[in-house]
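This report refers to the structure that appears directly beneath it.
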Amino acid sequence: MKSEISRYFFQMVKINSESGEEQNFLQFLSELFKKELNAQTVFDNYGNLIIKIKAKNSDKKEPILFCCHGDTVNPGKEIEPELKDGIICSRGDTVLGADDKAGITEILVALKESSQHPPVEILITRQEEMGLSGSSCLDEKLISAKNGYVIDTEALDEIIVGGPTRIEITIKVIGKAAHAVEPQNGISAIEVAANGISLLKTGWIDPETTVNVGLIEGGHVLNAVPEKATIQIECRSQKHQKCLQQSNLIKKTFQTVARAKGAKVEIETNMGIKAYSISENEDVVKVAKKAIQSAGLKPQTKIICGGTDATNLNAKGIKTAVLGTGGKLPHSKDENIAIKDMEKAVEICKGILKEYS
(Lines of atoms letter the chains of each structure in order from A and count residues from 1; the text may use other names and numbers.)
(Lines give C-alpha, C1' and ligand atoms only; values in the text may rest on other atoms or scores of the structure.)
Protein backbone atom coordinates (compact mmCIF):
# COMPACT_ATOMS: atom_id res chain seq x y z
CA MET A 1 0.00 0.00 0.00
CA LYS A 2 2.78 2.42 0.95
CA SER A 3 4.38 2.41 -2.50
CA GLU A 4 1.02 2.90 -4.26
CA ILE A 5 0.07 5.80 -1.99
CA SER A 6 3.33 7.64 -2.53
CA ARG A 7 3.33 6.94 -6.29
CA TYR A 8 -0.17 8.31 -6.90
CA PHE A 9 0.23 11.18 -4.47
CA PHE A 10 3.56 12.32 -5.93
CA GLN A 11 2.03 12.19 -9.42
CA MET A 12 -0.89 14.34 -8.37
CA VAL A 13 0.91 17.07 -6.45
CA LYS A 14 3.38 17.60 -9.31
CA ILE A 15 0.51 18.72 -11.55
CA ASN A 16 -0.23 22.43 -11.15
CA SER A 17 -3.79 23.08 -10.01
CA GLU A 18 -4.06 26.39 -8.22
CA SER A 19 -7.65 27.59 -7.93
CA GLY A 20 -8.99 28.50 -11.35
CA GLU A 21 -6.23 26.55 -13.09
CA GLU A 22 -7.17 23.01 -12.11
CA GLN A 23 -8.71 21.71 -15.34
CA ASN A 24 -5.56 19.91 -16.54
CA PHE A 25 -5.38 18.12 -13.20
CA LEU A 26 -9.05 17.12 -13.35
CA GLN A 27 -8.52 15.79 -16.88
CA PHE A 28 -5.57 13.76 -15.57
CA LEU A 29 -7.82 12.32 -12.84
CA SER A 30 -10.48 11.46 -15.39
CA GLU A 31 -7.99 9.37 -17.37
CA LEU A 32 -6.41 7.88 -14.23
CA PHE A 33 -9.69 6.61 -12.78
CA LYS A 34 -10.71 5.22 -16.18
CA LYS A 35 -7.43 3.34 -16.41
CA GLU A 36 -7.20 2.08 -12.83
CA LEU A 37 -10.88 1.39 -12.04
CA ASN A 38 -12.64 1.23 -15.41
CA ALA A 39 -14.64 4.25 -14.34
CA GLN A 40 -17.06 6.37 -16.32
CA THR A 41 -16.35 10.08 -16.07
CA VAL A 42 -18.14 13.27 -17.02
CA PHE A 43 -17.62 17.00 -16.48
CA ASP A 44 -20.53 19.24 -15.59
CA ASN A 45 -20.97 22.70 -17.10
CA TYR A 46 -18.85 24.30 -14.37
CA GLY A 47 -15.98 21.86 -14.93
CA ASN A 48 -16.47 19.66 -11.86
CA LEU A 49 -15.46 16.05 -12.46
CA ILE A 50 -17.93 13.26 -11.68
CA ILE A 51 -16.52 9.71 -11.62
CA LYS A 52 -18.77 6.64 -11.50
CA ILE A 53 -17.56 3.16 -10.57
CA LYS A 54 -19.62 -0.04 -10.68
CA ALA A 55 -20.23 -2.19 -7.60
CA LYS A 56 -17.73 -4.91 -6.78
CA ASN A 57 -18.95 -8.15 -5.17
CA SER A 58 -22.05 -6.35 -3.96
CA ASP A 59 -25.67 -6.35 -5.09
CA LYS A 60 -26.32 -2.88 -3.71
CA LYS A 61 -27.84 -0.50 -6.24
CA GLU A 62 -27.62 2.86 -4.44
CA PRO A 63 -24.22 4.52 -4.79
CA ILE A 64 -22.18 6.17 -2.05
CA LEU A 65 -20.51 9.51 -2.78
CA PHE A 66 -16.95 10.58 -2.00
CA CYS A 67 -15.96 14.19 -2.62
CA CYS A 68 -12.63 16.03 -2.72
CA HIS A 69 -11.56 19.28 -4.32
CA GLY A 70 -9.02 19.43 -7.13
CA ASP A 71 -7.62 22.91 -6.54
CA THR A 72 -4.81 24.03 -4.26
CA VAL A 73 -3.97 27.39 -2.70
CA ASN A 74 -1.03 29.61 -3.64
CA PRO A 75 1.88 29.05 -3.87
CA GLY A 76 1.07 25.74 -5.53
CA LYS A 77 2.99 25.63 -8.79
CA GLU A 78 5.93 23.36 -9.57
CA ILE A 79 5.52 21.47 -6.30
CA GLU A 80 8.41 19.10 -5.55
CA PRO A 81 7.37 16.56 -2.92
CA GLU A 82 9.90 14.63 -0.90
CA LEU A 83 9.59 11.72 1.51
CA LYS A 84 11.79 11.88 4.58
CA ASP A 85 11.44 9.63 7.64
CA GLY A 86 7.93 8.65 6.61
CA ILE A 87 6.74 12.26 6.19
CA ILE A 88 5.93 13.86 2.84
CA CYS A 89 6.54 17.59 2.55
CA SER A 90 7.40 20.14 -0.13
CA ARG A 91 11.07 20.43 -1.01
CA GLY A 92 10.61 23.92 -2.40
CA ASP A 93 8.93 27.20 -1.53
CA THR A 94 5.35 25.97 -2.06
CA VAL A 95 2.50 24.24 -0.29
CA LEU A 96 2.46 20.45 -0.57
CA GLY A 97 -1.06 20.06 -1.93
CA ALA A 98 -2.15 17.35 0.51
CA ASP A 99 -5.19 19.62 0.81
CA ASP A 100 -6.85 17.93 -0.97
CA LYS A 101 -4.83 15.58 -3.18
CA ALA A 102 -4.18 13.32 -0.20
CA GLY A 103 -7.93 12.71 -0.02
CA ILE A 104 -8.12 11.85 -3.72
CA THR A 105 -5.18 9.46 -3.39
CA GLU A 106 -6.72 7.75 -0.36
CA ILE A 107 -10.05 7.18 -2.11
CA LEU A 108 -8.33 5.78 -5.20
CA VAL A 109 -6.15 3.35 -3.22
CA ALA A 110 -9.09 2.30 -1.00
CA LEU A 111 -11.16 1.42 -4.06
CA LYS A 112 -8.30 -0.51 -5.65
CA GLU A 113 -7.72 -2.52 -2.48
CA SER A 114 -11.35 -3.17 -1.50
CA SER A 115 -12.58 -6.69 -2.07
CA GLN A 116 -16.16 -5.41 -2.23
CA HIS A 117 -17.92 -2.09 -2.47
CA PRO A 118 -21.26 -0.67 -3.64
CA PRO A 119 -21.56 1.59 -6.67
CA VAL A 120 -19.39 4.63 -6.00
CA GLU A 121 -19.62 8.19 -7.25
CA ILE A 122 -16.64 10.50 -6.80
CA LEU A 123 -17.01 14.25 -7.13
CA ILE A 124 -13.86 16.32 -7.67
CA THR A 125 -14.81 19.97 -7.38
CA ARG A 126 -13.19 23.07 -8.86
CA GLN A 127 -12.36 26.27 -6.99
CA GLU A 128 -13.22 24.99 -3.53
CA GLU A 129 -10.57 27.30 -2.11
CA MET A 130 -12.36 30.27 -3.70
CA GLY A 131 -15.50 30.05 -1.61
CA LEU A 132 -16.73 26.52 -2.44
CA SER A 133 -17.56 27.70 -5.96
CA GLY A 134 -17.44 24.28 -7.61
CA SER A 135 -19.88 22.52 -5.28
CA SER A 136 -22.11 25.60 -5.27
CA CYS A 137 -22.43 25.40 -9.08
CA LEU A 138 -22.59 21.58 -9.22
CA ASP A 139 -25.16 20.07 -11.56
CA GLU A 140 -26.68 17.74 -8.94
CA LYS A 141 -28.66 15.89 -11.59
CA LEU A 142 -25.39 14.11 -12.42
CA ILE A 143 -25.20 12.69 -8.87
CA SER A 144 -27.43 9.78 -7.80
CA ALA A 145 -26.03 9.19 -4.29
CA LYS A 146 -28.06 10.28 -1.26
CA ASN A 147 -25.24 9.79 1.26
CA GLY A 148 -21.62 10.82 1.07
CA TYR A 149 -18.32 11.88 2.56
CA VAL A 150 -16.07 14.83 1.89
CA ILE A 151 -12.45 13.81 2.57
CA ASP A 152 -10.89 17.18 3.29
CA THR A 153 -10.03 17.95 6.91
CA GLU A 154 -7.00 16.89 8.95
CA ALA A 155 -7.79 14.74 12.01
CA LEU A 156 -8.49 11.08 11.25
CA ASP A 157 -10.63 10.55 14.34
CA GLU A 158 -13.01 13.46 13.68
CA ILE A 159 -16.34 13.39 11.87
CA ILE A 160 -17.49 16.88 10.91
CA VAL A 161 -21.29 17.03 11.14
CA GLY A 162 -21.89 20.76 10.77
CA GLY A 163 -20.54 24.02 9.44
CA PRO A 164 -21.22 27.75 9.69
CA THR A 165 -23.10 30.54 8.08
CA ARG A 166 -20.57 33.02 6.65
CA ILE A 167 -21.49 36.60 5.78
CA GLU A 168 -19.18 39.04 3.99
CA ILE A 169 -19.75 42.72 4.77
CA THR A 170 -18.34 45.52 2.61
CA ILE A 171 -18.59 48.99 4.14
CA LYS A 172 -17.83 52.08 2.05
CA VAL A 173 -17.36 55.21 4.15
CA ILE A 174 -17.87 58.56 2.40
CA GLY A 175 -16.50 61.57 4.24
CA LYS A 176 -15.44 64.97 2.95
CA ALA A 177 -12.12 65.80 1.33
CA ALA A 178 -10.04 68.76 2.48
CA HIS A 179 -6.42 69.90 2.49
CA ALA A 180 -4.41 68.45 5.35
CA VAL A 181 -3.68 71.98 6.65
CA GLU A 182 -7.44 72.65 6.89
CA PRO A 183 -8.68 69.47 8.61
CA GLN A 184 -11.63 71.36 10.13
CA ASN A 185 -13.12 71.55 6.61
CA GLY A 186 -13.04 67.81 6.04
CA ILE A 187 -14.43 64.56 7.42
CA SER A 188 -11.88 61.76 7.49
CA ALA A 189 -13.34 58.53 6.11
CA ILE A 190 -10.37 56.64 7.55
CA GLU A 191 -11.06 58.05 11.02
CA VAL A 192 -14.71 57.03 10.77
CA ALA A 193 -13.64 53.54 9.67
CA ALA A 194 -11.14 53.27 12.52
CA ASN A 195 -13.71 54.40 15.09
CA GLY A 196 -16.18 51.81 13.81
CA ILE A 197 -13.60 49.03 13.91
CA SER A 198 -12.54 50.01 17.44
CA LEU A 199 -16.09 49.45 18.66
CA LEU A 200 -16.35 45.95 17.25
CA LYS A 201 -15.64 42.82 19.19
CA THR A 202 -13.47 40.65 16.92
CA GLY A 203 -12.05 37.15 17.05
CA TRP A 204 -14.21 34.66 18.92
CA ILE A 205 -17.43 36.42 19.95
CA ASP A 206 -18.62 33.25 21.65
CA PRO A 207 -17.74 29.55 21.24
CA GLU A 208 -19.74 29.42 17.98
CA THR A 209 -19.14 32.82 16.37
CA THR A 210 -16.19 34.75 14.92
CA VAL A 211 -15.69 38.22 13.43
CA ASN A 212 -12.66 39.23 11.37
CA VAL A 213 -11.74 42.58 9.84
CA GLY A 214 -9.88 41.34 6.78
CA LEU A 215 -9.23 44.35 4.54
CA ILE A 216 -9.16 48.13 4.85
CA GLU A 217 -8.13 50.76 2.33
CA GLY A 218 -8.64 54.48 2.03
CA GLY A 219 -7.23 57.81 0.95
CA HIS A 220 -5.06 58.53 -2.07
CA VAL A 221 -2.52 61.17 -1.00
CA LEU A 222 -0.77 62.00 2.24
CA ASN A 223 -1.61 65.71 2.35
CA ALA A 224 -5.41 65.46 2.15
CA VAL A 225 -8.19 64.49 4.51
CA PRO A 226 -9.36 61.18 2.97
CA GLU A 227 -12.84 61.26 1.52
CA LYS A 228 -13.32 57.51 1.08
CA ALA A 229 -12.43 54.31 2.88
CA THR A 230 -13.54 50.70 2.44
CA ILE A 231 -13.61 47.97 5.08
CA GLN A 232 -14.27 44.29 4.41
CA ILE A 233 -15.39 42.17 7.32
CA GLU A 234 -16.58 38.59 7.65
CA CYS A 235 -18.60 37.00 10.40
CA ARG A 236 -19.22 33.30 10.87
CA SER A 237 -21.34 31.29 13.25
CA GLN A 238 -22.37 27.70 13.64
CA LYS A 239 -25.84 29.11 14.31
CA HIS A 240 -27.45 30.91 11.37
CA GLN A 241 -29.43 33.42 13.44
CA LYS A 242 -26.36 34.38 15.44
CA CYS A 243 -24.51 35.20 12.25
CA LEU A 244 -27.39 37.36 11.02
CA GLN A 245 -27.52 39.17 14.37
CA GLN A 246 -23.77 39.80 14.32
CA SER A 247 -23.92 41.09 10.75
CA ASN A 248 -26.71 43.52 11.69
CA LEU A 249 -24.75 44.70 14.73
CA ILE A 250 -21.72 45.47 12.55
CA LYS A 251 -23.88 47.42 10.09
CA LYS A 252 -25.55 49.45 12.86
CA THR A 253 -22.17 50.22 14.47
CA PHE A 254 -20.81 51.81 11.31
CA GLN A 255 -24.07 53.61 10.56
CA THR A 256 -24.07 55.13 14.05
CA VAL A 257 -20.42 56.20 13.92
CA ALA A 258 -20.79 57.70 10.45
CA ARG A 259 -23.89 59.66 11.45
CA ALA A 260 -22.12 61.05 14.52
CA LYS A 261 -19.20 62.25 12.37
CA GLY A 262 -21.34 63.65 9.56
CA ALA A 263 -20.23 60.95 7.11
CA LYS A 264 -22.21 58.46 5.05
CA VAL A 265 -21.86 54.70 4.65
CA GLU A 266 -22.86 52.29 1.90
CA ILE A 267 -23.05 48.71 3.15
CA GLU A 268 -23.33 45.49 1.13
CA THR A 269 -23.66 42.01 2.59
CA ASN A 270 -23.28 38.63 0.96
CA MET A 271 -24.07 35.31 2.60
CA GLY A 272 -21.58 32.88 1.09
CA ILE A 273 -22.66 29.75 2.94
CA LYS A 274 -25.45 28.83 5.33
CA ALA A 275 -25.05 26.82 8.53
CA TYR A 276 -25.99 23.16 8.49
CA SER A 277 -25.82 20.20 10.83
CA ILE A 278 -26.62 16.53 10.42
CA SER A 279 -27.81 14.18 13.16
CA GLU A 280 -25.47 11.64 14.71
CA ASN A 281 -28.22 9.11 13.96
CA GLU A 282 -27.72 9.49 10.22
CA ASP A 283 -26.21 6.46 8.49
CA VAL A 284 -23.23 8.45 7.21
CA VAL A 285 -22.23 9.28 10.78
CA LYS A 286 -22.85 5.82 12.22
CA VAL A 287 -20.93 4.12 9.40
CA ALA A 288 -18.03 6.56 9.74
CA LYS A 289 -17.83 5.94 13.49
CA LYS A 290 -17.67 2.19 12.92
CA ALA A 291 -14.98 2.53 10.25
CA ILE A 292 -12.85 4.82 12.44
CA GLN A 293 -13.19 2.43 15.39
CA SER A 294 -12.19 -0.49 13.17
CA ALA A 295 -9.05 1.47 12.26
CA GLY A 296 -8.11 1.62 15.94
CA LEU A 297 -9.15 5.22 16.62
CA LYS A 298 -11.78 6.76 18.89
CA PRO A 299 -14.26 8.71 16.73
CA GLN A 300 -15.60 12.08 17.78
CA THR A 301 -18.13 14.33 16.08
CA LYS A 302 -17.56 18.04 15.67
CA ILE A 303 -19.19 21.17 14.25
CA ILE A 304 -16.67 23.62 12.78
CA CYS A 305 -16.54 27.27 11.72
CA GLY A 306 -14.82 26.45 8.43
CA GLY A 307 -16.51 25.91 5.09
CA THR A 308 -16.28 22.63 3.17
CA ASP A 309 -18.03 21.22 0.12
CA ALA A 310 -20.30 19.36 2.56
CA THR A 311 -22.13 22.66 3.15
CA ASN A 312 -23.36 22.74 -0.44
CA LEU A 313 -23.86 18.99 -0.79
CA ASN A 314 -26.13 18.89 2.26
CA ALA A 315 -28.04 21.88 0.89
CA LYS A 316 -28.55 19.88 -2.32
CA GLY A 317 -30.07 16.96 -0.38
CA ILE A 318 -27.02 14.68 -0.08
CA LYS A 319 -26.40 13.75 3.57
CA THR A 320 -22.67 14.39 3.81
CA ALA A 321 -20.15 14.13 6.65
CA VAL A 322 -16.54 15.32 6.48
CA LEU A 323 -13.54 13.11 7.31
CA GLY A 324 -9.83 13.78 7.62
CA THR A 325 -6.94 12.98 5.31
CA GLY A 326 -4.27 12.99 8.02
CA GLY A 327 -2.60 16.10 6.61
CA LYS A 328 -1.10 18.80 8.79
CA LEU A 329 -0.57 22.58 8.46
CA PRO A 330 -2.61 23.08 5.26
CA HIS A 331 -2.39 26.43 3.41
CA SER A 332 1.23 26.84 4.48
CA LYS A 333 4.66 26.00 3.13
CA ASP A 334 5.09 23.68 6.13
CA GLU A 335 2.19 21.49 5.01
CA ASN A 336 3.02 17.80 5.45
CA ILE A 337 1.48 14.36 5.74
CA ALA A 338 2.73 11.07 7.12
CA ILE A 339 2.49 7.94 4.99
CA LYS A 340 1.22 6.00 8.03
CA ASP A 341 -1.66 8.49 8.38
CA MET A 342 -2.53 8.15 4.70
CA GLU A 343 -2.57 4.37 5.18
CA LYS A 344 -4.92 4.83 8.14
CA ALA A 345 -7.20 7.05 6.04
CA VAL A 346 -7.26 4.36 3.33
CA GLU A 347 -8.25 1.84 6.00
CA ILE A 348 -11.12 4.09 7.12
CA CYS A 349 -12.34 4.54 3.53
CA LYS A 350 -12.20 0.76 3.00
CA GLY A 351 -14.23 0.29 6.17
CA ILE A 352 -16.90 2.65 4.87
CA LEU A 353 -17.03 0.87 1.53
CA LYS A 354 -17.39 -2.49 3.25
CA GLU A 355 -20.23 -1.25 5.46
CA TYR A 356 -22.17 0.05 2.45
CA SER A 357 -21.63 -3.20 0.54
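For the sequence shown, position 295 matches number 577 in the numbering used here, and the numbering has no gaps at all.
Just so you know, even glycine gets a beta-carbon here, dropped at the ideal spot from N, CA and C.
Apart from sequence neighbours up to five positions away, the residues of its chain that approach I549 with a beta-carbon distance below 8 Å are I451, T452, I453, K454, K533, F536 and Q537, ordered along the chain. The three-state reading of DSSP puts K342 in coil, since its state is none of H, G, I, E or B. The residues K338, N339, S340 and S639, in chain order, have a CB closer than 6 Å to that of Q398 in the same chain once the five nearest residues on each side in sequence are set aside. Cβ-Cβ distances below 8 Å link D375 to P357 and K615 in the same chain, with the five nearest sequence neighbours on each side left out; the list follows chain order.
Closest in alpha carbon position to T491, among L497, I335 and C517, is C517. Secondary structure of I361 (DSSP, three-state): coil. Here the alpha carbons of Q305 and L414 stand approximately 16 Å from one another. In this structure, DSSP gives N467 a helical state, which the three-state scheme calls helix. With a 10 Å radius around the Cβ and a threshold of 16 neighbouring Cβ atoms, M412 comes out exposed.
The beta carbon of P345 sits closer than 8 Å to those of K334, P400, P401, V402, E403, S426 and A427, all from its chain and outside the five residues before and after it, given in chain order.
When only Cα atoms are considered, L420 and I386 end up about 18 Å apart.
Boundaries of the beta strand (DSSP E) around G430: N429 to T435.
Note: S614 is not bridge-paired with any residue in the DSSP secondary-structure output. Assignment of beta-bridge partners to H351 by DSSP yields T407. Annotation: the continuous alpha helix (DSSP H) that includes E313 extends over Q305 to L319.
A direct Cα-to-Cα measurement between T607 and K598 gives close to 24 Å.
Contact between the segment 555-567 and the segment 459-470 is absent, with fewer than three C-beta pairs closer than 8 Å. If you compare the alpha carbons of G633, Q523, K521 and G444 with that of G589, the shortest gap goes to G444. As the crow flies, the alpha-carbon of N327 is around 27 Å from that of Y290. Beta-carbon to beta-carbon, A476 and P508 are separated by about 11 Å, too far to satisfy the 8 Å threshold. In the three-state reduction of the DSSP assignment, R448 falls in the strand class. For the pair E436 and P612, the CB atoms are nearer than the 8 Å cut-off.
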